[in-house]
Amino acid sequence: MEFKQVVLITGASTGFGRLMAETLARHGHTVYASMRGPGGKNATNASEIRALAKRESLALHVVELDVTSDESVERAVSVVVEQAGSIDVAINNAGYVLNGLAEAATAEQVRQIMDTNYLGPVRVNRAVLPHMRRQRSGLLLHISSGAGRVVIPSIGLYCASKFALEALAETYHYELAPQGIDSSIVEPGAYQTPVFGNMVKAADQERTETYGVANGILGKVNGVFAKSAGNPQEVADAVLQIVETPAGQRKLRYRVSAASLGVDEINALCESVQSQLFAALGLAEDVTFARRSAAGAD
Ligand SMILES: NC(=O)c1ccc[n+]([C@@H]2O[C@H](COP(=O)([O-])OP(=O)(O)OC[C@H]3O[C@@H](n4cnc5c(N)ncnc54)[C@H](OP(=O)(O)O)[C@@H]3O)[C@@H](O)[C@H]2O)c1
Numbered sequence: 196m197e198f199k200q201v202v203l204i205t206g207a208s209t210g211f212g213r214l215m216a217e218t219l220a221r222h223g224h225t226v227y228a229s230m231r232g233p234g235g236k237n238a239t240n241a242s243e244i245r246a247l248a249k250r251e252s253l254a255l256h257v258v259e260l261d262v263t264s265d266e267s268v269e270r271a272v273s274v275v276v277e278q279a280g281s282i283d284v285a286i287n288n289a290g291y292v293l294n295g296l297a298e299a300a301t302a303e304q305v306r307q308i309m310d311t312n313y314l315g316p317v318r319v320n321r322a323v324l325p326h327m328r329r330q331r332s333g334l335l336l337h338i339s340s341g342a343g344r345v346v347i348p349s350i351g352l353y354c355a356s357k358f359a360l361e362a363l364a365e366t367y368h369y370e371l372a373p374q375g376i377d378s379s380i381v382e383p384g385a386y387q388t389p390v391f392g393n394m395v396k397a398a399d400q401e402r403t404e405t406y407g408v409a410n411g412i413l414g415k416v417n418g419v420f421a422k423s424a425g426n427p428q429e430v431a432d433a434v435l436q437i438v439e440t441p442a443g444q445r446k447l448r449y450r451v452s453a454a455s456l457g458v459d460e461i462n463a464l465c466e467s468v469q470s471q472l473f474a475a476l477g478l479a480e481d482v483t484f485a486r487r488s489a490a491g492a493d
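With this note's numbering, the residue at position 156 of the sequence shown is 351, and numbering never jumps.
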């Protein structure tokens, strides 16, 4: 693709976000690797990214962004638009896992995970969309998970946050197409990133202890994750391909995983069910026409 994109990535201090930032910048895109506390908790990560940018002459910048704060999101988006003149791609990547039986998580812990994994993208998308609408192009990319399509006991509240993210991203996919803006979802399987070390434990251990056998689910699931050996660069490479796919030709969902675990089947079935629903609601033409025009076919 000749046209190079201006890309904002959330949660780019480590893991997928960091790899995406480096990969996209190495392919000539202008990248804003955003993170919390680039002068504090992430000072080392921020200076490593800046050093890489200097060493390899990359258009790779660090910007402060906490997805739980409206003000922080709006400030970061303003910085990108002021410096780069536009914003073409927003990658909603920041997120974490709440680990434990559903009943053991307090309401405050559930509020916090929804604030990051779901409301974070709501904030970012609302901040970037007026700019994308003005240029009548753009891509909202959402890093969901296989756990956004199937439910895994012991991380069920994380699943709930990713299910919510999936619904948000899919709604945008249909609603924004007439404006030439794409919304897509990436569903990674389990990959070795710092995510497992960053898991937050459900706080009410007393309740966990009442579960007896079900309590063993925790150990089994965590044991499987600990053994996951996928190379996270696969996710960054998939994101590069999506970013470089022409507007209107991007798919709604991309499963990136060595094992499908039924997620591809669910996605195919949902696509067919959605088409039937649009036909029943009399929306089939609107949705299809919008996507064809965005792709330049009409
Ligand atoms: N690794 C996997 O197996 C896997 C599988 C499926 C989906 N995912 C998803 O992939 C995404 C990236 O995870 P990862 O695996 O790369 O793990 P990671 O290395 O732990 O990355 C998570 C990133 O999110 C950031 N973050 C958390 N809360 C934030 C906030 N309020 N504001 C801004 N940034 C925040 C973290 O920043 P700090 O450094 O400030 O904490 C970190 O940079 C997540 O959404 C995760 O759910 C991961």
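Note that the Cβ used here is the ideal one computed from N, Cα and C, for glycine as well.
Grouping DSSP H, G and I as helix and E and B as strand, with all else coil, what is G457?
-> Three-state result, G457: coil.
Do you know offhand how far S252's Cα is from V381's?
-> Separation of S252 and V381 (C-alpha to C-alpha, rounded to the nearest whole angstrom) is 29 Å.
When the Cα atoms are used, what is the spatial distance from R329 to V275?
-> R329 and V275: Cα-Cα distance of roughly 15 Å.
Please list the segments of the beta strand (DSSP E) lying wholly inside the segment 209–287, counting only runs of 3 or more residues, in order along the chain.
-> Within the segment 209–287, the complete beta strand (DSSP E) runs of at least 3 residues fall at 225–230, 255–259, 284–287.
DSSP beta-bridge partners of G333 = G333 pairs with I376.
Sorry if obvious, but does the Cβ on M230 come closer than 7 Å to a heavy atom of ligand 1?
-> Between ligand 1 and the CB of M230, the shortest heavy atom gap is smaller than 7 Å.
Using only the heavy atoms of ligand 1, determine whether one of them is closer than 7 Å to the beta carbon of V434.
-> No, since every heavy atom of ligand 1 falls outside the 7 Å radius drawn around the Cβ of V434.
Out of L334, R344, V268, G407, state which residue places its alpha-carbon closest to the alpha-carbon of L314.
-> Considering only alpha carbons, the answer is V268.
What residue from A300, Q387, D265 has the CA that sits closest to R214's CA?
-> Inspection of the sequence shows that residue 214 is occupied by Leu rather than by Arg. Of A300, Q387, D265, the residue nearest in Cα terms is Q387.
So what's Y406 in DSSP terms, helix, strand or just coil?
-> Y406 falls in the coil class under three-state DSSP.
Does DSSP classify L203 as helix, strand or coil?
-> Collapsing the DSSP output to three states places L203 in a strand.
Residue range of the beta strand (DSSP E) that R306 falls in?
-> Following the DSSP letters along the chain, one finds R306 in no beta strand (DSSP E) but inside the alpha helix (DSSP H) bounded by residues 302–312.
According to DSSP, which residues form a beta bridge with G425?
-> In the DSSP output, where bridge partners are listed per residue, G425 has Y386.
Check whether G290 and G341 have beta carbons under 8 Å apart = Result no, Cβ atoms of G290 and G341 do not sit closer than 8 Å.
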